[in-house]
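Asker:
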Amino acid sequence: MSKGTFEFFTGYPTDVLAFEAVGVIDAAAYETQLIPAVEAKIAAEGRVKLLYVLGDRFEGFTMGAAWDDTKLGFSHLGDFGALAVVTDTDWIRHGTKLFMPLVPAPLRVFHLAELEDAKAWMREAGRAEEDHSHDTAATRKLSTLEDKIPPGA
Numbered sequence: 001m002s003k004g005t006f007e008f009f010t011g012y013p014t015d016v017l018a019f020e021a022v023g024v025i026d027a028a029a030y031e032t033q034l035i036p037a038v039e040a041k042i043a044a045e046g047r048v049k050l051l052y053v054l055g056d057r058f059e060g061f062t063m064g065a066a067w068d069d070t071k072l073g074f075s076h077l078g079d080f081g082a083l084a085v086v087t088d089t090d091w092i093r094h095g096t097k098l099f100m101p102l103v104p105a106p107l108r109v110f111h112l113a114e115l116e117d118a119k120a121w122m123r124e125a126g127r128a129e130e131d132h133s134h135d136t137a138a139t140r141k142l143s144t145l146e147d148k149i150p151p152g153a
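Quick note: the sequence shown, position 72, residue 72 per the UniProt record's numbering, numbers continuous.
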């Protein structure tokens with residue numbers, strides 16, 4: 001097993017942080033590499049899109065790294081514009097899918113063979129702003145049966 005590190009990719013839009021986990025990732029790798037990179041990107045861009053690759057060179061996480069990953073995710077939950085996880089590691093794929101409903105940003109899981117698709121999706125994710133012009137703004141909530149009472153009753 002080799003000491004873990006994060007290798008950062010270049011050539012992405014300024015709001016994208018793309019990286020690969022290599023070796024056995026421990027808490028020190030999170031605390032000295034990934035967390036500062038994420039927080040710097042958030043400070044610069046407001047929201048960040050993450051492309052996280054866990055490929056053939058990934059050997060695992062320590063418990064400290066798993067805890068730091070959880071803390072990072074929950075402390076910046078509203079700061080993510082999109083997340084792409086690229087891996088063939090089943091437990092990571094299933095775990096990511098399990099937490100999808102808790103993430104208020106687009107989140108997709110890709111196989112390693114789909115890395116180019118993930119890169120393309122990450123470059124495009126969040127570009128098209130949603131059109132809310134047809135939404136209805138509720139100004140008050142009807143109490144039970146209030147809408148069934150005849151006028152003047």
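Every residue, glycine too, gets a C-beta built ideally from N, C-alpha and C.
Bear in mind that the values here come from a model prediction, so they are computed numbers and not experimental data.
With three or more beta-carbon pairs closer than 8 Å as the criterion, would you say the region 22-29 touches the region 87-98?
Answerer: By the criterion of at least three beta-carbon pairs nearer than 8 Å, the region 22-29 is not in contact with the region 87-98.
Asker: Using 8 Å as the threshold, is the C-beta distance between leucine 17 and alanine 37 below it?
Answerer: yes
Asker: Locate the alpha helix (DSSP H) running through alanine 18, then write down its first and last residues.
Answerer: Premise fails: alanine 18 lies in the beta strand (DSSP E), 16-25, not in any alpha helix (DSSP H).
Asker: Would you mind reading off the limits of the beta strand (DSSP E) that contains alanine 84?
Answerer: 80-87
Asker: Which one or two residues does DSSP pair with valine 38 in a beta bridge?
Answerer: Valine 38 pairs with nothing; no bridge assigned.
Asker: Taking only the alpha-carbon atoms, compute the straight-line gap between alanine 84 and glycine 4 and give it to the nearest angstrom.
Answerer: 20 Å
Asker: Does any residue of chain C have a CB that is nearer than 8 Å to the CB of lysine 41?
Answerer: The chain labelled as chain C is not found in the depicted structure, where only one protein chain is given.
Asker: Out of curiosity, what's the CA-to-CA distance linking valine 58 and glycine 73?
Answerer: Residue identity differs from the one stated: residue 58 is phenylalanine in this sequence, not valine. Each residue's alpha carbon lies about 20 Å from the other.
Asker: Using 8 Å for Cβ pairs, my map puts arginine 47 next to phenylalanine 80. What's the rounded Cβ distance?
Answerer: 7 Å
Asker: Which residues mark the beginning and the end of the beta strand (DSSP E) in which arginine 123 is found?
Answerer: Taken as a continuous stretch (DSSP letters only), arginine 123 belongs to no beta strand (DSSP E), being part of the alpha helix (DSSP H) at 115-124.
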